[in-house]
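Residues in the sequence shown are numbered from 4 upward in steps of one, following the working numbering. In this text, a Cβ means the ideal position worked out from N, Cα and C, and glycines have one as well. Being a predicted model, the structure only gives us computed values, none of them experimental. Structure first, then comments.
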Amino acid sequence: MAKAKNPATAQADADASAYVRGGMQINEQVSTFHLFMGLTKWGALAVACVLVFLTLWFHPGGTFVAGFIGAAVLAAVGFWALKPKGGAGH
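Structure (structure tokens):
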């Protein structure tokens, strides 16, 4: 006598058997990788700018202007350092 399967388990088994390793197109992998790397590096720069801004603004004796200038300088240097370089060949 066959035991009745849980519908959630049956769906998971069907999904697992339908999976084909290496089935993603290489251009999709490259696009996903570049998107992730771009969001990571620009997001890290944004977080660093916010932290510098808030630190310089709210430390004892700090001002809004000092925080803004510090964050702007970091943003400019970070943008220059992180912008895509031409002719990387990758």
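Problem set entry | Proximity below 9 Å, CB of F56 to CB of A74 | Yes, the pair counts as a contact, with Cβ atoms nearer than the cut-off.
Exercise. What distance in whole Å lies between the Cβ atoms of A51 and G81, which are believed to be in contact at a cut-off of 8 Å?
Worked result: Contact annotation, G81 with A51: C-beta distance approximately 7 Å; criterion of less than 8 Å satisfied.
Exercise. How long is the line joining the alpha carbons of Q34 and T43, rounded to whole angstroms?
Worked result: Reading the sequence as shown, one finds Ser at residue 34 and not Gln. Answer to the nearest angstrom: the Cα atoms are 14 Å apart.
Exercise. Where does P10 fall in DSSP's three states?
Worked result: In the three-state reduction of the DSSP assignment, P10 falls in the helix class, which pools H, G and I.
Problem set entry | Same chain, Cβ closer than 6 Å to A79, neighbours up to 5 away in sequence not counted | The beta carbon of A79 sits closer than 6 Å to none of the beta carbons in its chain outside the five residues before and after it.
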